[in-house]
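Heads up: the sequence lines are chains D and E, in that order. Using the numbering used here, you'd call the opening residue of the first sequence number 1 and step up by one each time. Using the numbering used here, you'd call the opening residue of the second sequence number 1 and step up by one each time. Positions of the beta carbon are idealized from the N, C-alpha and C atoms, including for glycine.
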Amino acid sequence: MGGMQRAMLRLPIRQIFLVVLAILLAVGLFLGIRSNLQAGILSGADYRSFVIDGIARGALYAVIAVGYTLVYGILFLINFAHGEVFMSGAFTSFFVARTLSQTGFLNENPLLSVLILLVVSMAVSTITAVLLERIAYRPLRGAPRLIPLITAIGASLFLQNTFRAFYGANTRGYPVPESLQGRMDVFGIPILRTQIIVIIGAALLMVGLYFFIERTKTGRSMRAVGEDREIAALMGINVDRVIVQTFAIGGMLAGAAGVLWALVFSQVDFFMGFFPGIKAFTAAVLGGIGNIVGAGLGGLLLGVLESLAPYLFISPSVPSPNQLTDAIAFTILVLILIFRPGGILGSSDEEKA
Amino acid sequence: MRKPKWVVQIAILSSVLLLSAACARDSGGGGGASGGGGAECPDSEFGCVEVGADDPITLGTLLVITGPNSSLGLDSQYGAQIAVDMRGDVLGHEIELVNEDEGCVAEGGQTGAQSLVSDPQIVAVIGTSCSSAGVPAAEITSEKGVLMVSPSNTAPDLTDPATHQPFYARTAHNDLVQGAAMAQFAAEEAKAKSAATIHDGSPYADGLQTVFSEKFESEYGGTITTQEAIGVGDKDFKPVLTSIAAKKPDYLYYPVFIPEGAGITQQARQTAGLADTDLAGSDGMLSPDFVEAADKDNTAGMFLSGPDLEFKGSFYQKEFLPAYKKKFGDPASVFHAHAFDATNMVLDAIEEVAVETDDGGLLIPRTQLRDAFFDTSGYKGIVGTLTCDENGDCNPTTTIAVNEVTPAGAFKPTFSVTLDLEEAK
Numbered sequence: 001m002g003g004m005q006r007a008m009l010r011l012p013i014r015q016i017f018l019v020v021l022a023i024l025l026a027v028g029l030f031l032g033i034r035s036n037l038q039a040g041i042l043s044g045a046d047y048r049s050f051v052i053d054g055i056a057r058g059a060l061y062a063v064i065a066v067g068y069t070l071v072y073g074i075l076f077l078i079n080f081a082h083g084e085v086f087m088s089g090a091f092t093s094f095f096v097a098r099t100l101s102q103t104g105f106l107n108e109n110p111l112l113s114v115l116i117l118l119v120v121s122m123a124v125s126t127i128t129a130v131l132l133e134r135i136a137y138r139p140l141r142g143a144p145r146l147i148p149l150i151t152a153i154g155a156s157l158f159l160q161n162t163f164r165a166f167y168g169a170n171t172r173g174y175p176v177p178e179s180l181q182g183r184m185d186v187f188g189i190p191i192l193r194t195q196i197i198v199i200i201g202a203a204l205l206m207v208g209l210y211f212f213i214e215r216t217k218t219g220r221s222m223r224a225v226g227e228d229r230e231i232a233a234l235m236g237i238n239v240d241r242v243i244v245q246t247f248a249i250g251g252m253l254a255g256a257a258g259v260l261w262a263l264v265f266s267q268v269d270f271f272m273g274f275f276p277g278i279k280a281f282t283a284a285v286l287g288g289i290g291n292i293v294g295a296g297l298g299g300l301l302l303g304v305l306e307s308l309a310p311y312l313f314i315s316p317s318v319p320s321p322n323q324l325t326d327a328i329a330f331t332i333l334v335l336i337l338i339f340r341p342g343g344i345l346g347s348s349d350e351e352k353a
Numbered sequence: 001m002r003k004p005k006w007v008v009q010i011a012i013l014s015s016v017l018l019l020s021a022a023c024a025r026d027s028g029g030g031g032g033a034s035g036g037g038g039a040e041c042p043d044s045e046f047g048c049v050e051v052g053a054d055d056p057i058t059l060g061t062l063l064v065i066t067g068p069n070s071s072l073g074l075d076s077q078y079g080a081q082i083a084v085d086m087r088g089d090v091l092g093h094e095i096e097l098v099n100e101d102e103g104c105v106a107e108g109g110q111t112g113a114q115s116l117v118s119d120p121q122i123v124a125v126i127g128t129s130c131s132s133a134g135v136p137a138a139e140i141t142s143e144k145g146v147l148m149v150s151p152s153n154t155a156p157d158l159t160d161p162a163t164h165q166p167f168y169a170r171t172a173h174n175d176l177v178q179g180a181a182m183a184q185f186a187a188e189e190a191k192a193k194s195a196a197t198i199h200d201g202s203p204y205a206d207g208l209q210t211v212f213s214e215k216f217e218s219e220y221g222g223t224i225t226t227q228e229a230i231g232v233g234d235k236d237f238k239p240v241l242t243s244i245a246a247k248k249p250d251y252l253y254y255p256v257f258i259p260e261g262a263g264i265t266q267q268a269r270q271t272a273g274l275a276d277t278d279l280a281g282s283d284g285m286l287s288p289d290f291v292e293a294a295d296k297d298n299t300a301g302m303f304l305s306g307p308d309l310e311f312k313g314s315f316y317q318k319e320f321l322p323a324y325k326k327k328f329g330d331p332a333s334v335f336h337a338h339a340f341d342a343t344n345m346v347l348d349a350i351e352e353v354a355v356e357t358d359d360g361g362l363l364i365p366r367t368q369l370r371d372a373f374f375d376t377s378g379y380k381g382i383v384g385t386l387t388c389d390e391n392g393d394c395n396p397t398t399t400i401a402v403n404e405v406t407p408a409g410a411f412k413p414t415f416s417v418t419l420d421l422e423e424a425k
C-alpha cells in the first residue's frame, strides 16, 4: 500500500498533463485539417498563396522583432515604443515617396527610389530610436524595471500623437512604383512583386545582422554587455555607447521594415506601428526573447500561422473563420510557451527576468 | 515593518473624499427645479434647462472630428453650424454649439456623451456620426433625459423597438433601406448572381451586410457565397480575399470605414480570382479621403451607396451649399444636410416647448422637448419630408443613390431608388 502511494506521488503529473494535452491537440488539428481538405473548397494554389502571404507578413514581423530582442538582450527592457520607431520612418518616407511619385521619378527609377526611401526611413527611425534611448530610458537606467516599462508606453503614446499632430490623422495611400505592382511567377507560383521584395529584403537584413553581431567588434561588445554589463565595463567596453548602438541598429531595421511594409500594404497612418509592434513583440517572445535567430523564426511562424490557420485548422462549418485569426495565433503562442517557457530557441533555465 | 503615518492619513482622507463624492447630490436631475422669475418648470422627471436672460441656448455635437474618419463627422458639424448661423436666434437667445469628439468608437461615444450630459446647460445633442459610438451614447443621454438626434447613424438596431433608447432619434436613413437598395442594385443593375460580404464587427457594417445578404437571397434569388469578418485596424486582407475568391462571387460588398475599406480595395485588385468581381461599399467610405487612401486606379469602377444628394428643391443648391462652401470649403462627406435638418428640427421643438420667464430667461423642459421632437410630422427638410416614428426614425422614405467611382476619383450617381422604411422592414 505505502509503496504504491509513493509511486503515485512520484508520477510526474505535470508531464502527463502536457503529454495528454499534446495528443489532444494533435488529434484536433489532424481532424480539422482533414475535414478542411476533404471539403475541397480551397485549392492547392489558394493554400500556397496563404503560405507566401504568411511568409511575407512574418518576414516583416521578424525584422521588427529584432529591435525588441536586441534591446531586451542588453537592457532587459521591453521597448514598447518600438512600433512607433517603425511608424516614424514609414510615415516620414511617405512624403518623400509622394514627391518622387509626383515628379515621375518613382516610376522611372523604381529601384533607386526604393533605395532612397529606405535610406530616409532608416535615418528617421534610427534618430527616433536613439533620441528615445537618450531622453526616455537613459535617465532611468538604475530605476526599478517597471518604471522604464511605463516610460516606454508613455513614449509610444507621445510619438503617436506627435505624428498625428504633425501629419494629420488621415490614412495616406503610399505610392508604389508601377514596375513593382502585379505578380511574377517564381517556380510556377504567382507571387506579388512587392512580396518578393519584402521576403528578399528581410532575408538580407536578417543575415546581415547575424554576421554583424557574430563577426564585428561592435557586435562582440554588444554580446559582452548582454552577458554581463559590469564585467564588460571592467573590460574597457563603453557600455553607454554600446546601448546607443543597439538602439540605433534596432531603429535602422525598423525603418527598413517600415518602407517594406508600406510597399506591401500601400498605406500609412500615425497608428500603423501599434499592431505590428505587438505582433513583433509576440514573435520575439515566441522565438525566445534575446535571441536573434529566434526572432526570425518566431516572426515567420506567427505570420504563417495567422494567414493559414483560420482556413486550415477550423472546419468549414465555422462562419467567418478570419475573425478568429488572432485567437488561433495567440492560443498557439500560449501553448508553445506552456511547453517551452523560454520560447522556441530560448533555454527555459535562462530566466533572466 | 510599520507603515509611515502619512500613508494611513492619506488613505483615510481619500476614502472620505470618495464617500462624499458618492453621496453628492446629482446635479441637473433635481425634480421640478423652479426657474427665476416665478415661472414653474413643468417637467418633474428630468427637470428643465434654465437659460439666463443674456445666455445662449447650448446644443452639443458629438461627432467623429478626429482620426481617419473625421471627414464624416466634421462635415456634419459644419452642417449643424450652418443651421445655427442661418437661424440666428431662438426666442431672442443666441445658439451656441459645444463640439465633442466620439472617434467612431464605442468608448469615444461613452466619454463624449458623459462629458456633454454633465453640463446642465446642454439642451440637446446632435450626434453621433458612427453607430458604434451611438449605442452607448444614446443610453447615457436617455438616462439623463437629453434629446440626441443623429445625422448619420444608420444601424437598424438603434431604432429597433427592442433596443431603442427613449431620447434617441435620427434624420439619417435606416440601413434596412440602404442595404435593400444595394441588394437591388447588385441584382438588377450589376446583374450579380452571387455575392460575398465582409464586415468589421461594428453594428453599422454588420447591420448593412446582414440586410444586404437577406434581401439578395430572398428577393432576388442570389447566392451569398461567403460572409466574412475582419478586425478594425487590420492591414493584411489577402488571406480573407483569397478564401472569398475561391468561390468566385460576382459581387463583393464590404460596408466598412475608410482605413480598412481602402486596404480591402487595394488588395482585392491584386487578388487573381477577383478580377471579374464588382467591388462595393457604403456611405462610410463615400469620401474623397477614401479615394486618396486606396488610390484612384484601385477605386475606379467601384460602387458606393449613400444618401441621394441630388436634392430636389433649390434651397440646398442656392442657399445652403454657397453658405457652406464660403465658410468651410467643399463638403468632404454626405451628411451635412441631415445635420442641418436635425439641428433645425431640434430648434423648432425648443421654440415650441420653451417657457419664457418674467426676467427674460427660458425654461426648457426636457421630457416635453423630446415629445415635441418625436411629434415632428411632415417637416420639409433638405433631405426630404421628415416625420418621426415612435422609435426615433425620422426619415421614413429615403432615396438612396449608388455612385460609381470614376477613374478620376469622382462619385457619379448611376442608380437611385426611393424606398419606404415600413416596406423595407
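**Request:** Go to His199(E), then tell me how far its alpha helix (DSSP H) extends in each direction, as first and last residue.
**Result:** Taken as a continuous stretch (DSSP letters only), His199(E) belongs to no alpha helix (DSSP H), being part of the beta strand (DSSP E) at 194-199.
**Asked** If Leu63(E) and Ser129(E) are in contact, beta carbons under 8 angstroms, what's the gap, nearest whole angstrom?
**Response** 5 angstroms
**Message:** Would the stretch 273-290 of chain D count as touching the stretch 97-112 of chain D if we require 3 or more Cβ pairs under 8 angstroms?
**Reply:** no
**Prompt:** Straight-line CA distance for Ser150(E) to Val244(D)?
**Reply:** 52 angstroms
**Request:** Express the C-alpha separation of Ile33(D) and Ala309(D) in angstroms, rounding to a whole number.
**Result:** 9 angstroms
**Prompt:** Between the Cα of Pro319(D) and the Cα atoms of Glu228(E), Gly233(E), Ile65(E), Ala300(E), which residue gives the shortest distance?
**Reply:** Glu228(E)
**Message:** Let me see if you follow: with CB-CB separation under 8 angstroms, is Ile258(E) close to chain D or not?
**Reply:** yes
**Prompt:** Is it the case that the Cβ atoms of Pro68(E) and Thr171(D) are separated by a distance below 8 angstroms?
**Reply:** yes
**Request:** Determine the chain D residues that contact Glu45(E) at a beta-carbon separation under 7 angstroms, and present them in chain order.
**Result:** Neighbours of Glu45(E) on chain D: none; closest Cβ ~40 angstroms, over 7 angstroms.
**Message:** Tell me the DSSP secondary structure of Thr61(E) in three-state form.
**Reply:** strand
**First and last residue of the uninterrupted beta strand (DSSP E) at Tyr251(E)** = 251-253
**Prompt:** Could you check where the beta strand (DSSP E) with Leu274(E) kicks off and where it finishes?
**Reply:** Taken as a continuous stretch (DSSP letters only), Leu274(E) belongs to no beta strand (DSSP E), as it is neither H nor E.
**Message:** On the CB-based measure, 16 or more other CB atoms within 10 Å of its CB, does Asp75(E) come out buried or exposed?
**Reply:** buried
**Request:** Indicate whether at least one CB of chain D lies closer than 8 angstroms to the CB of Ile230(E).
**Result:** yes
**Request:** Measure from the C-beta of Ser243(E) to each C-beta in chain D and report whether the shortest distance is under 8 angstroms.
**Result:** yes
**Request:** Grab the span of the alpha helix (DSSP H) containing Met122(D) for me, first residue to last.
**Result:** 110-132
**Request:** Output, in chain order, the set of chain E residues within a Cβ distance shorter than 8 angstroms of Phe17(D).
**Result:** Per Cβ cutoff of 8 angstroms: no residues; Phe17(D) is ~33 angstroms from chain E at best.
**Selected residue, minimal CA-CA separation from Gln15(D), among Ile338(D), Gly343(D), Leu345(D)** = Ile338(D)
**Prompt:** Going by DSSP, what residues sit across from Asn99(E) in a beta bridge?
**Reply:** Thr61(E)
**Message:** Run through chain E and tell me which residues come within less than 7 angstroms of Pro319(D), C-beta to C-beta.
**Reply:** Gln227
**Prompt:** Taking 8 angstroms as the CB-CB limit, is Gly358(D) close to chain E?
**Reply:** Absent from the model: residue 358(D). The displayed extent of chain D is 1 to 353, so no value can be given.
**Asked** Are the C-beta atoms of Asp240(D) and some chain E residue less than 8 angstroms apart?
**Response** no
**Asked** Taking the alpha carbon of Val417(E) as the point to measure from, which residue in Ser305(E), Gly79(E), Cys48(E) has its own alpha carbon closest?
**Response** Ser305(E)
**Message:** Within 8 angstroms of any Cβ in chain E, is that where the Cβ of Ala59(D) sits?
**Reply:** no
**Item:** Span separating the alpha-carbon of Leu118(D) from that of Leu159(D)
**Value:** 20 angstroms
**Message:** Residues in the same chain with beta-carbon distance under 6 angstroms from Phe163(D), minus the five sequence neighbours each way, listed in chain order, please.
**Reply:** Phe91, Phe270
**Asked** Given that Gly292(E) touches chain D, what residues does it touch there, using C-beta distances under 9 angstroms?
**Response** Checking the sequence shown, residue 292(E) turns out to be Glu, not Gly. Correct list: Asn170, Thr171, Arg172, Gly173.
**Request:** Measure from the C-beta of Phe275(D) to each C-beta in chain E and report whether the shortest distance is under 8 angstroms.
**Result:** yes
**Prompt:** Can you find a CB in chain E that lies within less than 8 angstroms of the CB of Asn322(D)?
**Reply:** yes
**Prompt:** Is it right to say Gln267(D) is buried, meaning 16 or more other beta carbons lie within 10 angstroms of its own, or is it exposed?
**Reply:** buried
**Prompt:** At a CB-CB cut-off below 7 angstroms, which residues of chain D make contact with Val240(E)?
**Reply:** Asn322
**Residue interval of the alpha helix (DSSP H) (run including Gln323(D))** = No alpha helix (DSSP H) contains Gln323(D), which DSSP labels as neither H nor E.
**Message:** Just to confirm the assignment, what range does the beta strand (DSSP E) spanning Tyr204(E) have?
**Reply:** Run containing Tyr204(E): none in the beta strand (DSSP E); it sits in the alpha helix (DSSP H), 203-218.
**Item:** Sub-8 angstroms separation of Ala205(E) and His199(E) beta-carbons
**Value:** yes
**Request:** Give the straight-line distance between the Cα atoms of Ala33(E) and Ala354(E), rounded to the nearest whole angstrom.
**Result:** Per-residue confidence for Ala33(E) stands at a pLDDT of 44, beneath the threshold of 50, marking its modelled position as unreliable; the derived number appears in the next sentence. When rounded, the distance between both Cα atoms is 15 angstroms.
**Host alpha helix (DSSP H) of Lys217(D) (start-end)** = 217-227
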